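Residue numbers (the numbering used here): 5 to 243.
This is how it looks when you write it as structure tokens:
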């Protein structure tokens, strides 16, 4: 259907509580240290790039290898991107010990081997005509392969953007923002509307108001006007 954004959004949808729980648990275990190694920007580029390409690999596998149609299959979940993050972690910290199911201590490379080895076996069975259930093995394996590519060459989809175009986008002039305070806006208006005679007359009126009713009778705008008139008088005396 050429809804190309679905190559991104599928990775943020899941098929149930346990599906998202285990994906996010794995991302929480392995993602922070990978992000620390490469930096936040490089990490999110890698993660999104891996999600897109893993989803694309699954789509190619389903359509061109297994002959499925769009109506027959659906893909949701972050497993492909998480597999990429896991492999990068393993390549950096292969002997880091993790607790499988919170009980069995294993080097993380063994955990990765069990997960991805199981995916490879099941995908091979799919290629031989057996049912693979509701697991996107092709996305997992592609995600892991992309993790190796990122570890080896730091490559992501962002590298396909011409460097000149990316640099121009990053350095394109953007409107400057500043905080505009109400008193600044009123001061600019008063500079244009009050000449010396009318300014003095308004100050005299406000001083009379203070004399008759006290300072509490002044509005906030009148207080600001008196401060403005005082500054303007000091500037006139200095000049």
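Where is the CB? At the ideal position from N, CA and C, for every residue including glycine. As the structure is a computational prediction, the values presented were derived from the model and not from experiment.
What separation, rounded to the nearest whole angstrom, lies between the Cα atoms of residue i and residue j?
i	j	result
residue 47	residue 90	13 Å
residue 244	residue 109	Any property of residue 244 remains undetermined from this structure, which presents the chain solely from 5 to 243.
residue 233	residue 202	11 Å
residue 200	residue 240	10 Å
residue 38	residue 54	14 Å
residue 229	residue 215	17 Å
residue 21	residue 133	30 Å
residue 327	residue 213	Given that the chain is displayed from residue 5 to residue 243, the structure contains no residue 327 and the question cannot be resolved.
residue 6	residue 121	33 Å
Leaving out the 5 sequence neighbours to the left and right, which residues in its chain are closer than 7 Å to residue i when beta-carbon positions are compared?
i	result
residue 11	56, 59, 60
residue 19	80, 81
residue 150	54, 57, 58, 88
DSSP on residue i, reduced to helix/strand/coil?
i	result
residue 109	strand
residue 77	coil
residue 8	coil
residue 222	coil
residue 101	strand
residue 20	coil
residue 232	helix
residue 68	helix
residue 86	helix
residue 227	helix
If contacts are defined as beta-carbon pairs under 8 Å, then residue i and residue j qualify, I think. What distance do you get, rounded to the angstrom?
i	j	result
residue 115	residue 102	6 Å
residue 85	residue 147	6 Å
residue 126	residue 83	Actually they are not in contact, since the Cβ atoms of residue 126 and residue 83 sit about 13 Å apart, beyond 8 Å.
Once you ignore the five residues that flank residue i on each side, which residues in its own chain have a CB closer than 8 Å to its CB?
i	result
residue 17	80, 81
residue 69	131
Is any heavy atom in the ligand NAD found nearer than 7 Å to the beta carbon of residue i?
i	result
residue 151	Looking for the ligand NAD in the displayed structure turns up nothing, as the structure carries no ligands at all.
Is there at least one Cβ from chain C nearer than 8 Å to residue i's Cβ?
i	result
residue 219	Protein chains in the displayed structure number just one, and chain C is not present.
Residues in the same chain with beta-carbon distance under 6 Å from residue i, minus the five sequence neighbours each way, listed in chain order, please.
i	result
residue 95	155
Q.
Under 8 Å: do the region 60 to 75 and the region 155 to 168 share three or more Cβ pairs, one atom per stretch?
A. no
Q: Count the CB pairs spanning the region 25 to 34 and the region 68 to 77 that are closer than 8 Å, and state whether there are at least three.
A: no
Q) Is the region 94 to 109 in contact with the region 132 to 147, if contact means three or more CB pairs nearer than 8 Å? A) no
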